[in-house]
Every structure is written in C-alpha cells, then in structure tokens.
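Numbered according to the working numbering, the sequence shown spans residues 28 to 154.
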Amino acid sequence: MRYKIKPEKGHMVEKERFIKENKELIIGILWKNGSVYTDSRPTFTNNYDPKIGIQIFDIKEYVGHETIDGEVKVFFSETILFNEQDFLYAIVKEPSYHEVLRGFGWENDETTDIVIWGDLTFTKTDE
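Here it is as structure tokens:
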C-alpha cells in the first residue's frame, strides 16, 4: 500500500549547488505545493522534528515525489561579482540552465536536496 506525505503548509524546498573555481552558486526552489510517495507506511515519524524536517531521499520507503508551482531563489557566494550575478541569474531562468552552466565551466556537485518540514499529513493512496 502506498502512502502520500504532504506538508500541511507546503513546506518543501529543493536546493542544487554549482561550483566554479572559488565561486559557489546555490539554486533553491520554494515549492508552494508538493507530496512525497512511499511504498509502505513511513517509519521516520517517531524521530521527526517538524522544525528541522527531513531530506526526502533519506526516507527509507521513498518511491517518488511531485512538486507544483515553485519560486526560484538564487544565492551567490561573495566571490561572484555583481555583473556576473546578473548574467548567472538570467541563465538560471532558462529551462536548460544545467547544460548552459556546464558550458561556462560550472560543475554541479550532483547533490540535490529536497526537504519537507512542518506538520505532515499521511494518507493511503493508490497513486
């Protein structure tokens, strides 16, 4: 039986990190709505702290997730000049930003974190 885990107030954020020389670019997406799916009843609930949340890929029973209506936030290290920040921000707005950033020498550290936090609802589902 599958379960759907939904943050009650849409508390779900995704983060990617890119590095080039001594520069760091973090792209965050604040999802207004989203759910996590598991293949059985989740076991993390006994140790779950709603103020800290949980990285969804750390949920042992994880099988997938969906996200809806995200807002992109971009964070730059202090070593990135303002004119370069404008340039990078324009790239990040493009759907193919991963490839474009790689073309300019940025490396994705292959770590994508998606965290849910706050009060969660758990429902059995056939989805």
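C-beta: ideal position from N, C-alpha, C; glycine also.
Bear in mind that the values here come from a model prediction, so they are computed numbers and not experimental data.
Per DSSP, the beta bridge partners of W58 are M39 and G97. Beta bridge pairing from DSSP links F102 with I53. Taken atom to atom, the span from the alpha-carbon of D136 to that of E98 is near 22 Å. Annotation for N135: the continuous beta strand (DSSP E) segment containing it runs E134 to I143.
Between the stretch 71-85 and the stretch 122-131, the count of Cβ pairs shorter than 8 Å is below three; the stretches do not touch. Shown here for V63: same chain residues with a beta carbon closer than 7 Å to its own, the five before and five after excluded, namely I32, I83, I86, Y89, H92 and I143 in chain order. Beta-bridge annotation (DSSP): L147 is paired with P34. Among the bridge pairs identified by DSSP, F45 is matched with L52 and N135. T65 carries a strand assignment under DSSP once its states are collapsed to helix, strand and coil.
Contact between the stretch 99-118 and the stretch 51-59 is present: three or more C-beta pairs spanning the two stretches fall below 8 Å. P69 and D146 do not touch by the CB rule: their CB atoms are close to 14 Å apart, not below 8 Å.
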